[in-house]
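Chemist: Pasting in a structure now, in structure tokens, and then I'll have a few things to ask.
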Amino acid sequence: MSAEPDVRQDRRFMALALTLGRRGLGRTWPNPAVGAVIVSGGDAGSPVIVGRGWTQAGGRPHAEIEAIGRAGAAARGAALYVTLEPCAHHGKSPPCADAVIAAGLSRVVSALEDPNPEVAGAGHARLRAAGIAVAVGIGAEEAGHDHAGHIRRVRDGRPHVVLKLAISADGKAAAAGRQPVAITAAAARDRVHLLRAQSDAIMIGIGTALADDPMLTCRLPGMAGYSPVRIVLDSALRLPLGSRLVRSARDVPVWVVAGADDARAAERALETEGVTVLRAAEMNGRLDLASVLKLIAGRGITRLMLEGGPTLAAAFLGADLVDEAVLFHSPKILGAEGIDALDGLPLTALTRSPRLKCVASEPVGADTRALFARR
């Protein structure tokens, strides 16, 4: 590497690290999905990538360990690009900062300092104390988005919540009588399945479970193993034992969140089929959503996708618990008898919300995808 860091080169290698890290989205919880690239100066001073890594399924090995293992002896004197500060504490594996020092790396470029109080700058400090040059901030905005689940769970004790809605041209989310209908075309539906794959968990309400009998798995070719935990809010435990969710619970996890300590017979029956039943606090006869999010965050969930229909969407918006919203707008018209996209709320409660801002819009086949993010 040259004596003076090349910012454009740093950005290029950090972009690769970010891309690698995204391979782990939805599969590394409760750990963040980190990416890492090791770059040597090469014989003629030109940069050569000698190691790549990303956090493995289940959260370990960490990205830095993967990259160092692939680089081997070539890591000595090289630079490490990593999307989050190397850890400095002993968890289920030794600190990554110690591995970086032992590998003989000369420079570390981190996108973000880890807000985890067990790290919180200690990893960078340990590297600097060992004589390693440390730069922080390259790719910070992109890394902040990729690590939003980890950051939200550490700072707020809840997952990062992404709401998905498919909406007809006249603002409807279902046909008359709450009958499900294909609103968007195949390209948009593929994007939804990718969202599922990148989420730790997907949540619906019992109304959607009863009306649609969904599977909620990722159905992209070769990606069935990327299906998220499936969560149903079901205060009275009405989920049928014959539903597709229950029948597949031993293949893809299903968590049912209930309220007060009743319906014990139903709980035992669901658990016999492999369903995990959780109990959360209630407020005014309904599950308290903040308590639900704290509950599942305690079980490791960092990125939650909401795909539960108008009632669930309106409830989370009303509670100010939506961090991102992905709206797929279709040119189809469902008519005046169709069900509004938000139960009891105008769509402008989302699209003109003071808490959410439209940050991107693009065509997806015949449909349009709009992305809203918390201001």
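For the sequence shown, our numbering begins at 15 and goes up steadily by one.
We put the beta carbon where it would ideally sit given N, CA and C, even for glycine.
All figures in this text were calculated on a predicted structure; none of them were measured in a lab.
In angstroms, rounded to a whole number, what distance separates the CA positions of P131 and A272?
Modeler: If you draw a straight line from the Cα of P131 to the Cα of A272, it is about 32 Å long.
Chemist: Does the Cβ of D57 have 16 or more other Cβ atoms within 10 Å, making it buried, or fewer, making it exposed?
Modeler: For D57, the predicted model reports a pLDDT of 49, less than 50, meaning its position is unreliable and no value from the coordinates is stated.
Chemist: For a minimum of 4 consecutive residues, which ranges assigned as the alpha helix (DSSP H) are wholly contained in the segment 186 to 268?
Modeler: 200 to 211, 220 to 226, 258 to 261
Chemist: Using three-state DSSP, classify L385 as helix, strand or coil.
Modeler: strand
Chemist: When the Cα atoms are used, what is the spatial distance from R22 to L370?
Modeler: 32 Å
Chemist: Could you tell me the distance, in whole angstroms, from the CA atom of T325 to the CA atom of S60?
Modeler: 57 Å
Chemist: CA-CA distance, S107 and A113?
Modeler: Near 11 Å, if we compare the C-alpha coordinates of A113 and S107.
Chemist: For N45, count the other beta carbons within 10 Å of its own beta carbon; 16 or more makes it buried, fewer makes it exposed. Which is it?
Modeler: N45 is classed as buried because its beta carbon has at least 16 other beta carbons within 10 Å across all chains shown.
Chemist: Roughly how many whole angstroms lie between the Cα atoms of L385 and P368?
Modeler: Distance between L385 and P368, taken at the CA atoms: about 15 Å.
Chemist: Below 8 Å between beta carbons: does that hold for A250 and E287?
Modeler: no
Chemist: Which stretch, first to last residue, makes up the alpha helix (DSSP H) that contains I139?
Modeler: According to the sequence displayed, residue 139 carries Ala and not Ile. From DSSP, the alpha helix (DSSP H) with A139 extends over 136 to 143.
Chemist: State the Cα-Cα distance for the pair A143 and D334, rounded to the nearest angstrom.
Modeler: 43 Å
Chemist: Whole-angstrom Cβ separation of P194 and A225, contact assumed at under 8 Å?
Modeler: 7 Å
Chemist: Report the rounded CA-to-CA distance for L320 versus E296, giving the unit in angstroms.
Modeler: 19 Å
Chemist: Can you give the beta carbon distance from A31 to V96, rounded, assuming they're within the 8 Å contact cut?
Modeler: Correct: roughly 6 Å between the Cβ atoms.
Chemist: Where does V336 sit, in a helix, a strand or coil, going by DSSP?
Modeler: coil
Chemist: Exposed or buried, what is A339 when buried is set at 16 or more other beta-carbons lying within 10 Å of its beta-carbon?
Modeler: Flag for A339 reads buried.
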